[in-house]
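In the working numbering, the protein residues as written are 3 to 138. Structure first, commentary second.
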């Protein structure tokens with residue numbers, strides 16, 4: 003199971019809502035334990051409601067920031083403005099790394115966020131727990 007602070011969820015949902023009706027997209031930075039430490043909301047250079055390409059300059063800026071923190075880019079998130087939170091055939095075909103976490107935000111009825119691994123064309127659920135911080 004993947005863990006992340008609730009703020010990561012809020013950042014992804016906010017980005018999906020702000021980009022609607024186009025697909026939102028972004029990268030996820032992970033620490034050594036596999037915890038999501040940062041969601042980088044990035045520009046969909048395709049400006050499409052059915053596909054996305056992360057703007058290259060922003061991709062490298064996120065990569066440099068993550069590395070400076072001791073994290074690595076270990077996943078990607080994007081929204082499906084008009085469908086469920088499940089990888090599309092295009093998502094499966096274009097999945098670049100079997101070790102990455104693929105987060106899909108389905109916006110069909112209400113926002114739903116789900117995580118997946120895509121390995122050799124096969125989709126595997128990867129549960130994500132978003133934890134609220136308690137104030138001390």
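Cβ coordinates follow ideal geometry from the N, Cα and C atoms, glycine included.
- Between residue 76 and residue 32, the C-beta spacing is below 8 Å.
- Taking all protein chains in view, the Cβ of residue 3 is surrounded by fewer than 16 other Cβ atoms within 10 Å, so the residue is classified as exposed.
- The beta-carbon separation of residue 24 and residue 83, rounded to 7 Å, stays under the 8 Å limit for a contact.
- Put simply, of 130, 55 and 134 the residue whose alpha carbon is nearest the alpha carbon of residue 26 is 55.
- The region 110–117 makes no contact with the region 42–49: fewer than 3 CB pairs, one atom from each, lie closer than 8 Å.
- Under the three-pair Cβ rule at 8 Å, the region 6–21 does not count as touching the region 56–70.
- From the listed residues 109, 131 and 130, the smallest Cα separation to residue 52 is found for 109.
- Residue 58: member of the alpha helix (DSSP H) spanning 58–71, first to last residue.
- The alpha-carbon of residue 123 is positioned some 32 Å away from that of residue 70.
- In the DSSP assignment, residue 93 falls within the unbroken alpha helix (DSSP H) covering 91–96.
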